[in-house]
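So the structure is just underneath, and the comments pick up after that.
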Amino acid sequence: MTDLFTTIVSSPVARKVGVPQPTRLRRYEPGLPLCEGPVLVAGGGRFAEGIAAWLASAGVATVATAADAANRVGAVVLDLSTATDPAELDQLRLLGAPAVKALARNGRVVVVGTDPSTLTDVAEVTTQRALEGAVRSLGKELRGGATANLVLAQGDAQGGVRSAVEFFLSGRSAYVDGQVVRVDESTSPDADALRPLEGKVAVVTGAARGIGAEIAKVLSRDGATVVAVDVPAAGDALAAVANEVKGTALQLDVTSDEAGRRIVEHATSRHGGLDIVVHNAGITRDKLFVNMDDDRWRSVMEVNLRSILRMNEAILGEGGLADGGRIVCVASIAGIAGNRGQTNYGASKAGVIGLVTALSRQVAERDITVNAVAPGFIETEMTARIPFATREIGRRMNSLQQGGRPKDVAETIAWFVQPGAAAVTGQVVRVCGQSLLGA
Amino acid sequence: MASQNTPRSTPPAPRPPRRVAVLGGNRIPFARSNGPYAKASNQDMLTATVDGLVARYGLAGERLGEVVAGAVLKHSRDFNLTRETVLGTRLHPTTPAYDIQQACGTGLEAAVLVANKIALGQVDAGIAGGVDSASDAPIAVSEGLRQTLLAANRARSAGARAKALAGLRPGHLVPSIPENVEPRTGLSMGEHMALTAAQWGITREAQDELAAASHRNLAAAYDRGFFDDLVTPYLGTSRDTNLRADSTVDKLSKLKPVFGKGDGATMTAGNSTPLTDGASAVLLASEEWAAEHRLTPLAWFVDAETAAVDYVHGDEGLLMAPAYAVPRLLARNGLSLQDFDFYEIHEAFAATVLTTLKAWEDPDFCRERLGLDAPLGSIDRTKLNVNGSSLAAGHPFAATGGRIVASLAKQLHEAGGGRGLISICAAGGQGVVAILEA
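So the protein lines, in turn, are chains A and B. The opening position of the first sequence corresponds to residue 1 in the UniProt record's numbering, with each subsequent residue numbered one higher. The opening position of the second sequence corresponds to residue 1 in the UniProt record's numbering, with each subsequent residue numbered one higher.
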């Protein structure tokens, strides 16, 4: 997706004359180390010790203070989950600032707190809520591909916190910045670190191209058997994706009444079950609100929202998604911030967020998690067609000063669906490099 | 391993034949020649088709027993078309392949061959297919130029080579383009059919009705999603380009006849198949292989028969061979013509279907030509070509068999069981017919 402008502004000449150059982000590859450099774990909350022990067992060097690190610090994990008074927020600065100063390229700051909604004491709620403002601001200050994110624990269980911290430390979260993830007390089984989705059957809609194709590839790389779904008219591209991931292609229109039943039938009869569903299929039909016609409004609602509601009936019905299964929806930054000309699209994607919130509670007793990613500016064929000026603004106006890749969205989804992420549900994670839009 | 040296007293008993399952198929939309696939080669189209099948059934990296396919219009460089195709697909490169050619019967004959090997236990699974491009047709040099060039190639000295090349004449430069004619009669297939249609008194109205029904049925099948798991789009085309969903007898009746002579001519471009580009493939396997791969048999490939007629010296029509093949197949299987839930009679021309049906109803023909005591009788026309056939879909010669086998198998599966008859006529006075059952 390299256009002429990108070629010029990223050329050595441009670099010499001082055009700001986005950092090449550290992206996950199986087998690469979790972080580049030692991890400073501090803060003394109820998770710090467990995180340090887990990092050590995973072969990641840890340090207690920035001064202990011989060179640069790969990441900083600050556990303030037991802070109860605003005065304790000082720790964030005292422990964090020296480490952030020594942070390596593509470094990470992960703050662990307690979900304020689980607290009642005013001072405690105030303290924990304050963390979010600090983290989001820090995200905007960090340079060199570094990110800052917040994990909020809803209890004392270590598993969920560990899974979220691991995600934020790793290259899987390359384009995830300034985000807050809440984790509950669910426990999760062990999974193979390199192929966490081994033995799982995953359905990805809209898999013929763009983000959907990348989701299929990443889930397959992580061990899943992938059923690639797209409309019959996209069947040739779909076949190529299905063959590349050694999965199967299922041509269907997600808006048809039969879609959910056919997905379940295909997954169970061909692959022996259904563990993961990624509702990725989506369309845009932009028009200013006053000029929006029936067809544009309705087709966007049908494909992006109503089809998911309908398919979920079969997917969550008898013989459908297994207990402990995973559903991931693809929302959008437009569903959070809104976009000119996208009242239909914005409504559908905001609706998806509502769907995820409500459905996650409804299926919690079956240990099924429901989450959403909200992509920001992702380099795809679709964004390549945006007019030049708008595209450059969208691309640069975020803390990482660059567009994301389809793989970044896929990696976040691949984390949501891991067995280890059982404690992560009802969450919306933006994959936007901390875009200024909707922040 | 002492037993290796022990001579066996008797050869092993032959294994009993196995049931052969049709597991599914794939084709690219068929396109009228010189349309969207004008620049696609046979190998391009067959590769896309097999890859679509591989994707649908999760066969990437699988080694199959064999892939058998062919093309009627074929470049000499494509002598190993199917094997070259396999090497370009996601099938495992150790999957063997071979080419066959039996004119329009190619696709069905390929299925027969694969099915027979599966039945005998020689392979467990295979793909049968066919492809044809009337657009990317082979053009040969003239016979004069060819002989001259070969002579020059044989020459041992520069002088001799110059002498050979001096034999070139301007007329030699006119290329030789493939023609849709029977080599032994010089008549086109349409002209042959027109003779037969006139002989059997097939009316223009009946032909147009059959053509309109073909378009209607094919359009309806697309609309209800019947082809969602039978067709994979290709080069931006997702439906057969010959399909006219709004075709009516009235519209068809306005077309001028193109085959036959004078006022009695009945065959038009509307009730004859157009030259078409396309490819199809069918996945066949043993029950065990299907179960191991968690695939549901759509139908069983029960039996097949091929017949040929003497259209050169005898007085039989060029496309009448299926009329002979079917009764032999019925007799072998103890069935009557009425024992079927679906009939797939390839619509080379509307008149072909109508003549064949009329012949089976005709006591004289059945007695004298087929040697039967009583006519085979008529069929329930509502069971004929229920999802459209070649008049609407088009007819890339070798690809038609695969289209029909896959569609009929799915139709039988959807119906929850039943029996289907396939009948395909072919150039050279041949016909291939088969029975599927679910």
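For each residue, glycine too, the CB sits at the ideal point set by N, CA and C. Note that the structure is a prediction, hence the values are computed from the model and not measured.
Among B:R369, B:R332 and B:A308, the one whose alpha carbon lies nearest that of B:C104
B:A308
In this structure, what does DSSP give as the bridge partners for B:Y37?
According to DSSP, B:Y37 bridges with nothing at all.
Just to confirm my understanding: we take B:G236, look at its own chain, exclude 5 residues before and 5 after, and list those with CB closer than 8 Å. What are they?
P36
A:G139 beta carbon less than 7 Å from that of A:D177:
yes
Which chain A residues sit within Cβ distance under 7 Å of B:P228?
A small fix is needed here, since residue 228 of chain B is Asp in this sequence, not Pro. The answer, in chain order, is P232, Q251 and L252.
Can you tell me which of the three DSSP states A:L142 falls into?
coil
Please classify A:M1 as buried or exposed, where buried requires at least 16 neighbouring CB atoms within 10 angstroms.
The predicted position of A:M1 is uncertain, since its pLDDT is 48 and thus under 50; a value taken from the coordinates is nonetheless stated next. Label assigned to A:M1: exposed.
For A:G282, would you say it is in contact with chain B, using Cβ-to-Cβ distances shorter than 7 Å as the test?
no
Buried or exposed, going by whether 16 or more other CB atoms sit within 10 Å of the CB of B:I28?
buried
B:S423 and B:I345 - do their beta-carbons sit closer together than 7 Å?
yes
Distance cutoff 7 Å, beta carbons only. Does B:T94 sit that close to anything in chain A?
no
Which chain B residues sit within Cβ distance under 8 Å of residue 499 of chain A?
Examination of residue 499 of chain A is not possible in this model, given that chain A is present from 1 through 439 alone.
Cβ closer than 7 Å: which chain B residues qualify as neighbours of A:R270?
G58 and R294
Taking 7 Å as the CB-CB limit, is A:N243 close to chain B?
yes
Using the three-state DSSP reduction, which class does B:P57 fall into: helix, strand or coil?
The identity of residue 57 of chain B in the sequence shown is Tyr, whereas the question assumes Pro. Helix at B:Y57.
Taking 7 Å as the threshold (C-beta atoms), are B:T241 and B:R403 in contact?
no
Could you spell out where the beta strand (DSSP E) holding B:R419 opens and where it closes?
R419 to A426
Can you find the residues in the same chain that come closer than 6 Å, C-beta to C-beta, to B:G144, ignoring five residues on each side of it along the sequence?
H172
Is there contact here, the region 108-121 of chain A with the region 158-171 of chain A, by at least three beta-carbon pairs under 8 Å?
yes
Does the structure place the region 316-335 of chain A close enough to the region 386-393 of chain A that three or more beta carbon pairs sit under 8 Å?
no
From B:I435 to B:R332, what distance separates their C-alpha atoms?
11 Å
So residue 439 of chain B and B:A137 are in contact, right, with Cβ under 8 Å, and what is the actual spacing, rounded?
Missing from the structure shown is residue 439 of chain B; chain B here goes from 1 to 438 and no further.
At the 7 Å Cβ level, is A:T248 part of the contact set with chain B, yes or no?
yes
Interface residues of chain B around A:G260 at Cβ under 7 Å?
Going along chain B, no residue has its Cβ under 7 Å from A:G260, so there is no contact; the nearest lies around 14 Å.
Report the partner residues of A:P375 according to the DSSP bridge assignment.
A:V431
From this set, A:V278, A:A233 and A:E132, which residue's C-alpha is nearest A:R182's C-alpha?
A:E132
Should residue 453 of chain B be labelled buried (16 or more other beta-carbon atoms within 10 Å of its own) or exposed?
Since the first and last residues shown for chain B are 1 and 438, residue 453 of chain B lies out of range.
Give a yes or no on whether 7 Å exceeds the smallest Cβ distance from B:R90 to chain A.
yes
Strictly below 8 Å CB to CB, what residues from chain A border B:P233?
P232, A233, A234, G235 and D236
Of all the options A:R172, A:L92 and A:L152, which has the alpha carbon lying nearest to the alpha carbon of A:S137?
A:L92
Under 7 Å between beta-carbons, which chain B residues line up against A:A239? List them in chain order, please.
D51, G52, A55 and T232
Taking A:E411 as part of the alpha helix (DSSP H), name the residues at either end of that continuous run.
P406 to F416
Exposed or buried, what is B:A245 when buried is set at 16 or more other beta-carbons lying within 10 Å of its beta-carbon?
exposed
What in chain A is Cβ-close to B:A48, meaning under 9 Å?
D236 and A239
Can you list, in chain order, the residues of the region 60-76 of chain B whose Cβ is nearer than 8 Å to any Cβ on chain A?
A60 and G61
Rounded to a whole number of angstroms, what is the C-alpha to C-alpha distance between B:H395 and B:L243?
12 Å
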